[in-house]
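**Student:** Chains as they are written, first to last, in our numbering: chain A, 3 to 196; chain B, 3 to 196; chain C, 3 to 196; chain D, 3 to 196; chain E, 3 to 196; chain F, 3 to 196. Have a look at this one.
6 protein chains.
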Amino acid sequence: MFCMMRILFLLISIHFYIISAFDSDPLQDYCIPHTPIHFLQKCITSHRDFKATGFASIPVSSNVFPGLNILGMSFVRADFDVDGINVPHYHPRATETAFVLEGRIYSGFIDTGYRLFAKVIEKGEVMVFPKGLIHFQMNIGDSPATIVGSFNSQNPGLVKVPSAVFGTSIKEELLMKAFGLDKKELAKLNKGLS
Amino acid sequence: MFCMMRILFLLISIHFYIISAFDSDPLQDYCIPHTPIHFLQKCITSHRDFKATGFASIPVSSNVFPGLNILGMSFVRADFDVDGINVPHYHPRATETAFVLEGRIYSGFIDTGYRLFAKVIEKGEVMVFPKGLIHFQMNIGDSPATIVGSFNSQNPGLVKVPSAVFGTSIKEELLMKAFGLDKKELAKLNKGLS
Amino acid sequence: MFCMMRILFLLISIHFYIISAFDSDPLQDYCIPHTPIHFLQKCITSHRDFKATGFASIPVSSNVFPGLNILGMSFVRADFDVDGINVPHYHPRATETAFVLEGRIYSGFIDTGYRLFAKVIEKGEVMVFPKGLIHFQMNIGDSPATIVGSFNSQNPGLVKVPSAVFGTSIKEELLMKAFGLDKKELAKLNKGLS
Amino acid sequence: MFCMMRILFLLISIHFYIISAFDSDPLQDYCIPHTPIHFLQKCITSHRDFKATGFASIPVSSNVFPGLNILGMSFVRADFDVDGINVPHYHPRATETAFVLEGRIYSGFIDTGYRLFAKVIEKGEVMVFPKGLIHFQMNIGDSPATIVGSFNSQNPGLVKVPSAVFGTSIKEELLMKAFGLDKKELAKLNKGLS
Amino acid sequence: MFCMMRILFLLISIHFYIISAFDSDPLQDYCIPHTPIHFLQKCITSHRDFKATGFASIPVSSNVFPGLNILGMSFVRADFDVDGINVPHYHPRATETAFVLEGRIYSGFIDTGYRLFAKVIEKGEVMVFPKGLIHFQMNIGDSPATIVGSFNSQNPGLVKVPSAVFGTSIKEELLMKAFGLDKKELAKLNKGLS
Amino acid sequence: MFCMMRILFLLISIHFYIISAFDSDPLQDYCIPHTPIHFLQKCITSHRDFKATGFASIPVSSNVFPGLNILGMSFVRADFDVDGINVPHYHPRATETAFVLEGRIYSGFIDTGYRLFAKVIEKGEVMVFPKGLIHFQMNIGDSPATIVGSFNSQNPGLVKVPSAVFGTSIKEELLMKAFGLDKKELAKLNKGLS
Numbered sequence: 003m004f005c006m007m008r009i010l011f012l013l014i015s016i017h018f019y020i021i022s023a024f025d026s027d028p029l030q031d032y033c034i035p036h037t038p039i040h041f042l043q044k045c046i047t048s049h050r051d052f053k054a055t056g057f058a059s060i061p062v063s064s065n066v067f068p069g070l071n072i073l074g075m076s077f078v079r080a081d082f083d084v085d086g087i088n089v090p091h092y093h094p095r096a097t098e099t100a101f102v103l104e105g106r107i108y109s110g111f112i113d114t115g116y117r118l119f120a121k122v123i124e125k126g127e128v129m130v131f132p133k134g135l136i137h138f139q140m141n142i143g144d145s146p147a148t149i150v151g152s153f154n155s156q157n158p159g160l161v162k163v164p165s166a167v168f169g170t171s172i173k174e175e176l177l178m179k180a181f182g183l184d185k186k187e188l189a190k191l192n193k194g195l196s
Numbered sequence: 003m004f005c006m007m008r009i010l011f012l013l014i015s016i017h018f019y020i021i022s023a024f025d026s027d028p029l030q031d032y033c034i035p036h037t038p039i040h041f042l043q044k045c046i047t048s049h050r051d052f053k054a055t056g057f058a059s060i061p062v063s064s065n066v067f068p069g070l071n072i073l074g075m076s077f078v079r080a081d082f083d084v085d086g087i088n089v090p091h092y093h094p095r096a097t098e099t100a101f102v103l104e105g106r107i108y109s110g111f112i113d114t115g116y117r118l119f120a121k122v123i124e125k126g127e128v129m130v131f132p133k134g135l136i137h138f139q140m141n142i143g144d145s146p147a148t149i150v151g152s153f154n155s156q157n158p159g160l161v162k163v164p165s166a167v168f169g170t171s172i173k174e175e176l177l178m179k180a181f182g183l184d185k186k187e188l189a190k191l192n193k194g195l196s
Numbered sequence: 003m004f005c006m007m008r009i010l011f012l013l014i015s016i017h018f019y020i021i022s023a024f025d026s027d028p029l030q031d032y033c034i035p036h037t038p039i040h041f042l043q044k045c046i047t048s049h050r051d052f053k054a055t056g057f058a059s060i061p062v063s064s065n066v067f068p069g070l071n072i073l074g075m076s077f078v079r080a081d082f083d084v085d086g087i088n089v090p091h092y093h094p095r096a097t098e099t100a101f102v103l104e105g106r107i108y109s110g111f112i113d114t115g116y117r118l119f120a121k122v123i124e125k126g127e128v129m130v131f132p133k134g135l136i137h138f139q140m141n142i143g144d145s146p147a148t149i150v151g152s153f154n155s156q157n158p159g160l161v162k163v164p165s166a167v168f169g170t171s172i173k174e175e176l177l178m179k180a181f182g183l184d185k186k187e188l189a190k191l192n193k194g195l196s
Numbered sequence: 003m004f005c006m007m008r009i010l011f012l013l014i015s016i017h018f019y020i021i022s023a024f025d026s027d028p029l030q031d032y033c034i035p036h037t038p039i040h041f042l043q044k045c046i047t048s049h050r051d052f053k054a055t056g057f058a059s060i061p062v063s064s065n066v067f068p069g070l071n072i073l074g075m076s077f078v079r080a081d082f083d084v085d086g087i088n089v090p091h092y093h094p095r096a097t098e099t100a101f102v103l104e105g106r107i108y109s110g111f112i113d114t115g116y117r118l119f120a121k122v123i124e125k126g127e128v129m130v131f132p133k134g135l136i137h138f139q140m141n142i143g144d145s146p147a148t149i150v151g152s153f154n155s156q157n158p159g160l161v162k163v164p165s166a167v168f169g170t171s172i173k174e175e176l177l178m179k180a181f182g183l184d185k186k187e188l189a190k191l192n193k194g195l196s
Numbered sequence: 003m004f005c006m007m008r009i010l011f012l013l014i015s016i017h018f019y020i021i022s023a024f025d026s027d028p029l030q031d032y033c034i035p036h037t038p039i040h041f042l043q044k045c046i047t048s049h050r051d052f053k054a055t056g057f058a059s060i061p062v063s064s065n066v067f068p069g070l071n072i073l074g075m076s077f078v079r080a081d082f083d084v085d086g087i088n089v090p091h092y093h094p095r096a097t098e099t100a101f102v103l104e105g106r107i108y109s110g111f112i113d114t115g116y117r118l119f120a121k122v123i124e125k126g127e128v129m130v131f132p133k134g135l136i137h138f139q140m141n142i143g144d145s146p147a148t149i150v151g152s153f154n155s156q157n158p159g160l161v162k163v164p165s166a167v168f169g170t171s172i173k174e175e176l177l178m179k180a181f182g183l184d185k186k187e188l189a190k191l192n193k194g195l196s
Numbered sequence: 003m004f005c006m007m008r009i010l011f012l013l014i015s016i017h018f019y020i021i022s023a024f025d026s027d028p029l030q031d032y033c034i035p036h037t038p039i040h041f042l043q044k045c046i047t048s049h050r051d052f053k054a055t056g057f058a059s060i061p062v063s064s065n066v067f068p069g070l071n072i073l074g075m076s077f078v079r080a081d082f083d084v085d086g087i088n089v090p091h092y093h094p095r096a097t098e099t100a101f102v103l104e105g106r107i108y109s110g111f112i113d114t115g116y117r118l119f120a121k122v123i124e125k126g127e128v129m130v131f132p133k134g135l136i137h138f139q140m141n142i143g144d145s146p147a148t149i150v151g152s153f154n155s156q157n158p159g160l161v162k163v164p165s166a167v168f169g170t171s172i173k174e175e176l177l178m179k180a181f182g183l184d185k186k187e188l189a190k191l192n193k194g195l196s
């Protein structure tokens, strides 16, 4: 069983001199900030201290693991409680391939033509979420589920749609009109998501 | 006054052989599909047949104007009626610079740290919306308003958040949990936005 | 009327750590040098202190506005007196889309096959100048004219051909032969353009 | 247990018009060749018909799954018998992140300074192989092992060093000198690896 | 002596399916249009049929040699008669490194700050011309000279400044004002360079 | 004759502020670290202190010549004694075009389909080695030979296959299995190549 995920990096210490701002063709084999630790082994245990949504995730980008710097990749572990959901979100800087380690997960994305592509994916299956498109997941099995996602950016970014739209004090009149909500309905959404 | 926007392209007819899939450094000066029209002049009048949201836009990407093909840019004209809104949306493939031609417009974006940057922008002002971040606009003046947006992609893409999330038949249970809605509230949103 | 152009940026202060050297896919939402100013509003009034050529421009690249850093875009305001000209020039690092705010402007570019594409563009029209190609403009109307240009680079660069070729002390013999000029003719050009 | 890996793609049929030659920023959400199959589900069972090296792999690039086209990612499943090895190889067009599904695997890479970074990685661990560097693996546990690798290219390419160098009829004199081999030793290597 | 330059390509015949529009990271080892010739050997003899400028060049881009397709490089051989010049020009899509095979050549470029960098380069020396900047050469030795230039684009493009500006029917009034020429002087330039 | 190769750079001193990590579209004309030397002329004499392989090379990347920084190119001079070889190697970050200055050289590369493309190239000929593919050379003439290689990266990287595989203490069991060697044969290879 995958009760934990250990992340391992084999790194050496060299002097820090850049944090690059782009994903592109690297000019060096790798580029790691200065650190006294030559070989870094990182163990991410599965806390599974699920929030209200029954979901917990551990993103591993170059901010967390400098060894990924300039290499154009990063990854994430996502755990779902029964009925747990990963709310509609997108990554502005990366395509994602999601590999199911455990469980049965309803998963999908919406393209710019507002077409929905959704399906139940199971252990050993992979689903692709194209760069910048809104996607989501829900554990519809009867036991906890786990996914490992890979990104083609060292810093894919994450925008959770509910929090971005309703939790950030956008002018009420605009949101009411945009979603067809009355003042009371919006207040409830804003309250729940900020 | 800007009662209309005419789009002009000076193109020649050469034989079609590629529609490229990427924004990058072009390998040619330009690349235009085969057409009998040597010089193309396009006039986009301001119809201003506003929808419920009091908003109308005319995107000019390489799909519409082949002359933009491989050049890595496109643009849009957006007209706002009084109180008209451009609903929260993002462009997965481009940064946008928006130039106000007429009017007073409440405008903003939300970054991946869920910080809101919003301000009223006026005639002659420019605002920048970083690539892939949710942004929105609302005409808060007492007369119609107009913006011209420029993109650094020939096909920036457009995801309107309300339509993408509520108009596309994502599993109800997931959306209810994600936004904290009950079944009836969700049904109203889905109905209004599909 | 557009007697002025105000440039607005909504920025927050974060610590400076890179000035990137490339236009590419950003790895962050934005990246702004350290500054005490949280919200920056810039107003560029139209000075219109035209030079001999009857032309004045205000380029707004990432050097001037750090908020554009890593976003891959910049812009320029260009004012033309009656008969004013923007001399043949090119931008080595960007395509430009030019939007006419006021006036009637003779405008064109030359491709690498030495074909000229020139036309009179008017208020509300847009013309595209492909990356790295020589282009020019002249106000042929009977009142001042204004253009707003957008670039798909945060630092497009500018090479004015007359100044680059004749104002920079290239060996006389080479220039005489290249342009078919005698010593006296070249001296006049060099004198006028350095 | 992971006795199989099923690959799932949710695709729709659109008309084929390009197979792009580059990994870069896509200009579209996705781009899939013409096919009558709207939703494609692919199941890759673990055959484990190991060769002499005790190793079998199933690469899933855009050649195999058109849905990956223009998205800049692909992946691979690799199975190791006890003592099975993945010979020294490299991917000329991608960085790889390798996730251990089962087993204990000796794994490493060599950088351009001829430094070896090698370690035993176990279930739930991830190791990164920078783009274009030679790497290798060996199952040193006492049961079969499995890895899932992700690449940041839709077509990473694969060069197995032993086959490339000794199995391709490079002039004998050159190889003898390059590796310090006599004629007989080289003949044995060439014979075993072609 | 280098009385000739033979260009050799080792190619195989595969089916044509794309001519890519971008320099970027290739997705394949190489990509060559369909041809019955498996191994292509091309011999470019030094014609040295110099024009008025005492200069002749043989550009070898992917248009001429399909084997360069998607590889992001091309090259050129340039021969100079005594006093021969390569007129001020630039390559919109590539940096150039120029290697002197024979002779003494006055060579330079102008940056966007209108600074001139010029020097006499000799046999065995290399000079770099940054992407998109105007540069030029003149044989100041007493015997013919030869340069081999390499580009980091499969199609660097070439804009000869005299021909682009004076040979293409740009409105006279604009050019007169831009260069400070009277009608007669311009007519002479236009005549000589068209 | 080319008994030496002088490398010339025309640079000016500006303040250092970045060492970029990527080959891409530069945002500036050039970018050179702080140095008191305004004009740098570098002379690389041909030492020809050949090693056992009868080969000596002088790579000129941006590490050595800061003037190449952000320009996306570099080059190398390679000298071969009679029978001298350049061992099988690859450049993970660049395509190479190799120009023969003197001599007759057996030269080739192997693609990812394990096809060998090899030929004898002579003075004035150019051969292309696609990015990331293993290639090699051997002087088969009866006098010393010289090649100048150009790369489309400011830091192409170099992996000599014999040294990378046999000189770096990879686990013996793995190498024995990968190459079909017994313990004694491997020991000899490791000893000779570390």
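C-beta: ideal position from N, C-alpha, C; glycine also. Predicted model, so just to flag it, every value in this text is computed and none were measured.
Between which two residues does the beta strand (DSSP E) carrying Lys121/A extend?
**Tutor:** Translated into the one-based positions of the first sequence, residue 121/A becomes position 119. First-last of the beta strand (DSSP E) with Lys121/A: Leu118 to Glu124.
**Student:** Could you work out which residues of chain A lie near Val163/B, taking near to mean beta carbons separated by less than 7 Å?
**Tutor:** On the second sequence, position 161 is the one that residue 163/B refers to. Going along chain A in sequence order, the residues near Val163/B (Cβ under 7 Å) are Val163 and Val167.
**Student:** Using the beta-carbon of each residue, which ones in chain F are nearer than 7 Å to Ser145/D?
**Tutor:** As a first step, residue 145/D must be located in the fourth sequence, where it is residue number 143. Within 7 Å of the CB of Ser145/D, no CB atom of chain F is found; the nearest one sits about 18 Å away.
**Student:** May I have a chain-ordered list of the alpha helix (DSSP H) segments no shorter than 4 residues that lie completely inside the region 138 to 180 of chain E?
**Tutor:** 163 to 168
**Student:** Tell me, please, whether the CB atom of Met75/A is closer than 7 Å to any CB atom in chain D?
**Tutor:** Within the first sequence, residue 75/A is the residue found at index 73, counting from 1. It does; some Cβ of chain D falls within 7 Å.
**Student:** At what residues does the beta strand (DSSP E) containing Leu103/C begin and finish?
**Tutor:** Residue 103/C sits at position 101 when you count from the first residue of the third sequence. Per DSSP, Leu103/C belongs to the beta strand (DSSP E) from Glu98 to Glu104.
**Student:** Within its chain, find whatever has a CB closer than 8 Å to the CB of Leu183/C; leave out the 5 residues flanking it on each side and keep chain order.
**Tutor:** For the purposes of this step, residue 183/C is identified with residue 181 of the third sequence, where counting begins at 1. Contacts found: Leu177 and Leu191.
**Student:** Within a Cβ cutoff of 7 Å, which residues of the same chain sit near Asn154/F, ignoring the five residues on either side of it in sequence?
**Tutor:** The residue given as residue 154/F occupies position 152 in the sixth sequence. Cβ neighbours of Asn154/F beyond the five flanking positions: Gly74, Met75, Ala96 and Thr97.
**Student:** At a Cβ cut of 9 Å, what residues of the region 128 to 145 of chain B count as close to chain A, listed as they run along the chain?
**Tutor:** Pro132, Lys133, Gly134, Leu135, Ile136, Phe138, Gln139, Met140 and Ile142
**Student:** Ser59/B: which of Glu104/B, Gly151/B and Phe168/B sits nearest, CA to CA?
**Tutor:** Along the second sequence, read from residue 1 onward, the residue named residue 59/B stands at position 57. Checked all of Glu104/B, Gly151/B and Phe168/B; the closest Cα to Ser59/B is Gly151/B.
**Student:** Name the chain F residues that come within less than 7 Å of Leu160/E, Cβ to Cβ?
**Tutor:** Walking along the fifth sequence from the start, residue 160/E turns up at place 158. Ordered by position in chain F, no residue passes the 7 Å Cβ test against Leu160/E, which lies about 17 Å from the chain.
**Student:** Can you list, in chain order, the residues of its chain whose CB lies under 6 Å from that of Val130/E, leaving out five sequence neighbours each side?
**Tutor:** Here residue 130/E corresponds to residue number 128 of the fifth sequence, with the count starting at 1. Excluding positions up to five away in sequence, the list reads Thr99.
**Student:** Find the nearest neighbour of Pro164/C within the set Ile136/C, Val78/C, Val66/C and Asn157/C, judged by alpha-carbon distance.
**Tutor:** Here residue 164/C refers to the residue found at position 162 of the third sequence. Nearest C-alpha to Pro164/C: Ile136/C.
**Student:** Starting from Asn71/A and walking both ways along the alpha helix (DSSP H), at which residues does that stretch end?
**Tutor:** Here residue 71/A is taken as the residue at index 69 of the first sequence, counted from 1. Taken as a continuous stretch (DSSP letters only), Asn71/A belongs to no alpha helix (DSSP H), as it is neither H nor E.
**Student:** Could you give the distance in angstroms between the alpha-carbon of Ser26/A and the alpha-carbon of Gln156/A?
**Tutor:** The residue labelled residue 26/A in the question sits at position 24 within the first sequence. The residue labelled residue 156/A in the question sits at position 154 within the first sequence. At Ser26/A the pLDDT is 48, less than 50, meaning the model places this residue with poor confidence and gives no usable figure here.
**Student:** Rounded to whole angstroms, what is the Cα-Cα separation between Asn124/A and Val122/F?
**Tutor:** If you number the first sequence from 1, residue 124/A lands on position 122. If you number the sixth sequence from 1, residue 122/F lands on position 120. Checking the sequence, you will find Glu at residue 124/A rather than Asn. Going by the C-alpha atoms only, they are around 55 Å apart.
**Student:** Can you look up Phe24/A in the DSSP assignment and give me helix, strand or coil?
**Tutor:** The sequence position of residue 24/A within the first sequence is 22, counting from 1. For Phe24/A, the predicted model reports a pLDDT of 43, less than 50, meaning its position is unreliable; a value from the coordinates is still stated below. In this structure, Phe24/A counts as strand in the three-state DSSP scheme.
**Student:** For Val167/E, which option in Tyr116/E, Glu127/E, Leu195/E and Ile149/E has the closest C-alpha, if you only look at C-alpha atoms?
**Tutor:** In the fifth sequence, residue 167/E corresponds to position 165, counting from 1. If we check each option's Cα against that of Val167/E, Leu195/E comes out closest.
**Student:** Buried or exposed, going by whether 16 or more other CB atoms sit within 10 Å of the CB of Gly159/C?
**Tutor:** Numbered from 1 along the third sequence, position 157 holds the residue referred to as residue 159/C. Per the 10 Å Cβ criterion, buried.
**Student:** Go ahead and pull the three-state DSSP assignment for Gly110/E.
**Tutor:** Position 108 of the fifth sequence, counting from 1, holds the residue named residue 110/E. In the structure shown, Gly110/E sits in a strand (DSSP, three-state: E or B).
**Student:** For a quick check, are the C-beta atoms of Asp83/E and Pro146/E less than 7 Å apart?
**Tutor:** Locating residue 83/E in the fifth sequence gives position 81, where the first residue counts as 1. Locating residue 146/E in the fifth sequence gives position 144, where the first residue counts as 1. The answer is yes: Cβ separation under 7 Å.
**Student:** Using alpha carbons as the reference points, say which of Thr148/D, Lys185/D, Ala180/D and Phe138/D lies closest to Val89/D.
**Tutor:** Indexing the fourth sequence from 1 puts residue 89/D at position 87. Taking only the C-alpha atoms, the option nearest Val89/D is Phe138/D.
**Student:** What residues of chain C sit near Leu191/E, judged by a beta carbon separation below 8 Å?
**Tutor:** The count along the fifth sequence starts at 1 and reaches residue 191/E at position 189. Under the 8 Å cutoff, chain C gives Phe181, Gly182 and Leu183.
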